[in-house]
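Line order of the protein sequences matches chains A and B. So for the first sequence, the numbering used here puts the first residue at 5; every next one is plus one. So for the second sequence, the numbering used here puts the first residue at 337; every next one is plus one. Below: the structure, in structure tokens.
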Amino acid sequence: MTREKLQSLSLVLIGVIAFGLPLLVRSPTYLHILVLLFLYAYLTTSWNLVGGFAGVLPLGHSTFVGIGAYTSTVLALQYGVSPWIGMIIGGGLAVIVGVLIGLPTFKMRGAYFALATIAFAEGIRVMVENIEYLGPFKLNGPRGLQIPPLNTGLANFMFAEKEPYYYIILVMLIAVLALTYFISRSKLGYYLSAGGEEPEAAMALGVNVARCKLIAMAMSSFLTALAGTFWAQFTLFIHPKSVMSLDISFEIAFIALIGGRGSIAGPVLGAIILRPVSDLCRIYFGDKLPGLHLIIFGVLLIVVMIFQPRGLQEPLTKLYNRFLDRFAAQPDRIR
Amino acid sequence: MAFLEVRNIEVFYGDVQVIFDLSLHVEEGEVVSIIGGNGAGKSTLLRSISGLVPPAKGEILFEGVPIHKAPPEAIVERGLVQVPEGRRLFTLMSVKDNLIVGAYNSRADRVKEKTIEAVYELLPRLRERESQLAMTLSGGEQQMVAIGRGLMAKPKLLMLDEPSLGLAPLLSKNIFETVRKIADQGTTVVLVEQDVMHSLSISERGYVLEQGRTVMEGPAKELLDDPHIKTAYLGI
Chain A
5 MTREKLQSLS LVLIGVIAFG LPLLVRSPTY LHILVLLFLY AYLTTSWNLV
55 GGFAGVLPLG HSTFVGIGAY TSTVLALQYG VSPWIGMIIG GGLAVIVGVL
105 IGLPTFKMRG AYFALATIAF AEGIRVMVEN IEYLGPFKLN GPRGLQIPPL
155 NTGLANFMFA EKEPYYYIIL VMLIAVLALT YFISRSKLGY YLSAGGEEPE
205 AAMALGVNVA RCKLIAMAMS SFLTALAGTF WAQFTLFIHP KSVMSLDISF
255 EIAFIALIGG RGSIAGPVLG AIILRPVSDL CRIYFGDKLP GLHLIIFGVL
305 LIVVMIFQPR GLQEPLTKLY NRFLDRFAAQ PDRIR
Chain B
337 MAFLEVRNIE VFYGDVQVIF DLSLHVEEGE VVSIIGGNGA GKSTLLRSIS
387 GLVPPAKGEI LFEGVPIHKA PPEAIVERGL VQVPEGRRLF TLMSVKDNLI
437 VGAYNSRADR VKEKTIEAVY ELLPRLRERE SQLAMTLSGG EQQMVAIGRG
487 LMAKPKLLML DEPSLGLAPL LSKNIFETVR KIADQGTTVV LVEQDVMHSL
537 SISERGYVLE QGRTVMEGPA KELLDDPHIK TAYLGI
């Protein structure tokens, strides 16, 4: 078997396992954990377009989750618009907000950029918390919005069981992974990493670094907002503390940094490692030690940054390549 | 009308003035050296011409068109390309990908494949190394990538900022020969250097900068024989 064949076979195998998992995992609790795992893998992959490829550290992506969640929910509750359509509108709105935030903040470097994005995200959250009605739209301030689970079905993006959510987020994740793979090999991907590493040199070559970053930001905001709608439909209840909280932004950054930002596998690996920690801590220590998972994340982050500064994807990719070599090369040698 | 004309520019970093009332001109097809010690404002001058630090006062004209208010990408689009000091490669990309990023502007993008061949012709070492990560190259090879990357942008005027920096004498001689070759193939070159002897010997004319001002200008041969230059820069 050639190396390429083995590689695609292992990818297909992972796909089959992912699609078959709900047949084995019958417990709704564990299925719920898996859905959140994929959701965070999706969010981090979207974040990675800016935070990984463009070499900056945005910490305000919770805003876009919130925009997606609120837009589709408000449109569904007040105007009966299907959340699938609301999802796209929310994405469009997030693009506008993302570009407006990016225009001033991309001029800043390092920690200043990260802090500025936090400021925007928190500012928007506090605003939503204090707005009952935004024009004709009812946001309901800190009490949030509840989606009555009346008409379940695909058209309404609402289901009684966990399985449909599982498959929807899985498909979304695969799509966004394919998109990142494509972008990382496109010219935009080159320009982004060039501008991230040596902005001055890239600019001296005429690369419009600011515009490339804005394009990445627009795509990232759009994709993140889609996940917001998914979140709203999955939990059927949103409020500013849940879908706009900084915790989301931080968890995304943790997952990316520990998994390996700027790589394609990194966000998925990070989510596989961190999400179960987070959920199991909540299940078993939620009452006695709330926030324990964040302490564990912090320790993990320090250890990973010391020993594997490019994230856990690096040693794992090496391992995977060695595995491919061992099982692919030998038959060739015999022949 | 000069090819590139800098008229009485003043450049600041914040409150600190680095360049004072500086003028110079470059004719098409020339190699012009800009020499001077550390902190004389040489790199700032280049960064100012390429739009990275726009001048506070004065004008810069390229082929008769004012460019001192244009953004860097518009200036590159016109054919004025800078190879920044210290190489500044994209270290995690392969040599070839580094070159491809150079062909960002629309003029260069269209003829990318042809230019890459021409660059490999000029710098054969890069063809051997094309799939290697830029960070794994030696200093001299990295400088070649930086120059090649600049050429990929199809410059009419190429500005090189200290291409010999940190290179062994033999390698730096190599780089200067390459620069001369680039000029002979029809690209105008502005060369900023601390290696006064070598850079003047491949140039038509030179400017001497001290503390942000031009203190001397003239044909390269005359500058090489000048007593002030001999004592201050050549140590003879």
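Note that the Cβ used here is the ideal one computed from N, Cα and C, for glycine as well. Note that this is a predicted model, so its numbers are computed, not measured.
DSSP places B/ASN344 inside the beta strand (DSSP E), whose first and last residues are 340 to 349. Check the Cα spacing between B/LYS509 and each of B/ARG423, B/ILE370, B/MET480 and B/GLU413: the tightest is with B/MET480.
Beta-bridge pairing by DSSP links B/THR524 to B/LEU493. Residue burial annotation: B/VAL528 is buried, with at least 16 other C-beta atoms found within 10 angstroms of its C-beta. Remark: fewer than three beta-carbon pairs, one from each stretch, lie closer than 8 Å, so the stretch 499 to 518 of chain B and the stretch 381 to 395 of chain B are not flagged as touching. For B/GLN353, the enclosing beta strand (DSSP E) stretches over residues 352 to 362. Between A/PHE301 and A/LEU316, the CB-CB gap reaches or exceeds 9 Å. Inside the stretch 447 to 501 of chain B, DSSP marks whole beta strand (DSSP E) runs of 3 or more residues at positions 493 to 497, from first to last along the chain. Judged by their CB atoms, A/LEU41 and A/ALA205 are not nearer to each other than the 9 Å cut-off. Nearest to A/HIS36 by C-alpha distance, out of A/TRP235, A/ILE262, A/MET91 and A/ARG330, is A/TRP235. Taking C-alpha positions only, B/GLY502 is separated from B/GLY475 by approximately 8 Å. Close partners of B/PRO420 in chain A (Cβ separation under 7 Å): GLU204, ALA205 and ALA208. Not flagged as an interface residue toward chain A: B/THR524, since no C-beta distance is shorter than 9 Å. When secondary structure is reduced to three states using DSSP, A/LEU138 falls in the strand class.
Between the alpha carbons of A/PHE226 and A/GLY96 lies a distance of about 6 Å.
Proximity of the stretch 242 to 255 of chain A to the stretch 83 to 94 of chain A falls short of the contact definition, fewer than three beta-carbon pairs being nearer than 8 Å. Secondary structure at A/GLN312: coil, using DSSP grouped into helix, strand and coil.
Membership of B/GLY372 in any alpha helix (DSSP H) is not indicated, and neither H nor E is assigned to it by DSSP.
In this chain, A/GLN237 is not harboured by any beta strand (DSSP E); it is covered by the alpha helix (DSSP H) spanning 213 to 239. The beta carbons of B/ALA482 and B/VAL419 sit about 5 Å from each other, so the pair counts as a contact at 8 Å. DSSP places B/LYS393 inside the beta strand (DSSP E), whose first and last residues are 393 to 398. Membership of B/GLY554 in the beta strand (DSSP E) is indicated by the continuous run 549 to 555. Nearest in C-alpha terms to A/MET112, of all of A/THR75, A/LEU61 and A/THR49, is A/LEU61. Taking C-beta separations shorter than 7 Å and ignoring five residues to either side along the sequence, the partners of B/LYS432 in its chain run GLU466 and SER467, following chain order.
Interface criterion not met: the Cβ of A/LYS322 is under 9 Å from no Cβ in chain B. A/ILE256 has its alpha-carbon roughly 7 Å from the corresponding atom of A/LEU47. With fewer than three CB-CB distances shorter than 8 Å, the stretch 96 to 106 of chain A does not count as touching the stretch 265 to 272 of chain A. For A/ALA198, the nearest beta carbon of chain B is closer than 9 Å to its own beta carbon. Secondary structure of A/SER188 (DSSP, three-state): helix. The beta carbons of B/ILE355 and B/PRO391 sit closer together than 9 Å. B/LYS405 is the residue among B/GLU366, B/GLY365 and B/LYS405 whose C-alpha sits nearest the C-alpha of B/ARG383. Interface with chain A (9 Å Cβ-Cβ cutoff): B/PHE348 is excluded. Here the alpha carbon of B/THR514 sits roughly 39 Å from the alpha carbon of B/ASP351. Listed along chain A, the residues sitting closer than 7 Å to B/PHE426 by beta-carbon distance are SER197, ALA198, GLU201 and GLU202. Look at B/TYR440 here: in three-state DSSP terms it is coil, with no helix or strand label. Collapsing the DSSP output to three states places B/SER379 in a helix.
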